[in-house]
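In my numbering, the protein residues as written are 407 to 630. Input: a single structure, listed below in structure tokens.
Here it is as structure tokens:
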């Protein structure tokens, strides 16, 4: 009987011992699980922070340029791409009329100043070409002490308008009459058709947003 009691007590102790050692194991597993979740959330937070930091750096270091044009009195001018007209056809025709009168109005004393002023109507390329083309005319009026003037027989007309080489442009024709007069002599009037190409330019090049890029004088046989 005593032997049976001894075995029962031994079994009970074994059960108690087993139960007591299993509880700490369960607590450790729970702690490991919590730590794992914490590490995962910390990793996600670090990644999100890095992404936000990269976006902030890109935004702060990105160059931002804004072009603003204004009139001399401070009024803002809208920036229009060079492949858009920006000005009306009527203004283009008026521009050609004005520039044609400047281009062919010189005298033998002040021709340098008047020629330089007329170049403001042109692009850099067009101005250089015009100065070269007018060279013989200027030499003639200087040698014979004459003045040169022009009249437009009719209003200039637009032959074609649209995009040329990625920029908006107008091909304009104008019938003109050139005069050369001196104190002792006077030449017969010369009749021409003036062909010009007016194209859009930046406002930093010309405040009007347009300039003459090329021109050609063709004898007008219908009035010769």
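Even glycine gets a Cβ: it sits at the ideal position worked out from N, Cα and C.
- Around the C-beta of residue 515, fewer than 16 other C-beta atoms lie within 10 Å, and the residue is accordingly described as exposed.
- Per DSSP, residue 517 has no beta bridge partner at all.
- Contact annotation: the segment 548–559 touches the segment 510–528, with at least three C-beta pairs closer than 8 angstroms.
- Put simply, of 454, 626, 496 and 606 the residue whose alpha carbon is nearest the alpha carbon of residue 583 is 626.
- Look at residue 529 here: in three-state DSSP terms it is coil, with no helix or strand label.
- Just so you know, the alpha carbons of residue 499 and residue 536 end up roughly 19 angstroms apart.
- Distances from the alpha-carbon of residue 533 to those of 442, 490, 620 and 628 put 620 closest.
- By the 16-neighbour rule on beta-carbons within 10 angstroms, residue 615 is buried.
- Residue 600 counts as buried, since no fewer than 16 other beta carbons sit within 10 angstroms of its beta carbon.
- Taking every protein chain shown into account, the CB of residue 562 has 16 or more other CB atoms within 10 angstroms, so this residue is buried.
- One thing to note: residue 608 has its Cβ no nearer than 8 angstroms to the Cβ of residue 552.
- At a Cβ-Cβ threshold of 8 angstroms, residue 489 and residue 569 count as neighbours.
- Out of 447, 581 and 593, the CA that lies nearest to the CA of residue 629 is found in 581.
- For residue 558, the enclosing beta strand (DSSP E) covers residues 552–558.
- CA-to-CA, the gap between residue 564 and residue 612 works out to about 21 angstroms.
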